[in-house]
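Using our numbering, read the sequence shown as starting at 16 and increasing by one per residue. No residue lacks a Cβ here, since even glycine has one placed at the ideal position from N, Cα and C. Working notes, beginning with the structure itself.
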Amino acid sequence: LLADGSVSFSGRISEMIKKGGINISPAEVEDVLMRHEGIALAGVVGVPDPLQGELLAAFVVPKPGVSVAAEDLTAHCRALASRYKVPDFIEFRTELPVTVTGKLMRRELKSMALALRA
16 LLADGSVSFS GRISEMIKKG GINISPAEVE DVLMRHEGIA LAGVVGVPDP LQGELLAAFV
76 VPKPGVSVAA EDLTAHCRAL ASRYKVPDFI EFRTELPVTV TGKLMRRELK SMALALRA
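Here it is, written out as structure tokens:
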């Protein structure tokens with residue numbers, strides 16, 4: 016409560032991705048990606064797009080010794096999720112930025128996604 020009687024909220028900016036006017040939870044898309052037997056870790060963020068607002072950028076870490084193609088993951092997502100929840104970009108990594116407790120560092124993922132789009 017501020018001196019003038021108004022209320023001020025502070026905290027985390029929403030992680031929701033707005034694609035084509037639809038709110039998409041990155042956790043939902045990550046869950047679909049993680050259901051693929053070859054994926055050990057997935058992180059999803061939105062990247063700006065002039066036509067749709069944001070596009071879905073997915074970063075995935077395959078399980079050791081497993082080879083997964085982006086086309087396979089796209090087909091997997093199409094089979095399990097709505098069309099608008101299928102990542103527009105899939106980038107394979109050996110690791111993703113996580114905190115000491117294992118939580119994805121979304122700001123870092125967002126920076127990585129923006130760098131890929133540049």
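When the Cα atoms are used, I39 and R108 turn out to be separated by approximately 23 Å. Judged by DSSP in its simplified three-state form, V47 adopts helix. Excluding five sequence positions before and after Q67, the CB atoms of its chain that fall closer than 8 Å to its own CB belong to K34, G35, given in chain order.
Look at L56 here: in three-state DSSP terms it is strand. Between G61 and I32, the gap from beta carbon to beta carbon is short of 8 Å. A straight-line Cα-Cα distance of about 20 Å links P112 and R50. The beta carbon of R121 lies closer than 8 Å to those of E30, P41, G58, V60 in the same chain, with the five residues before and after it left out.
Just so you know, the alpha carbons of L88 and L48 end up roughly 7 Å apart. If you ignore the 5 residues before and after P79, its C-beta comes within less than 8 Å of the C-beta of A55, all in its own chain and listed in chain order.
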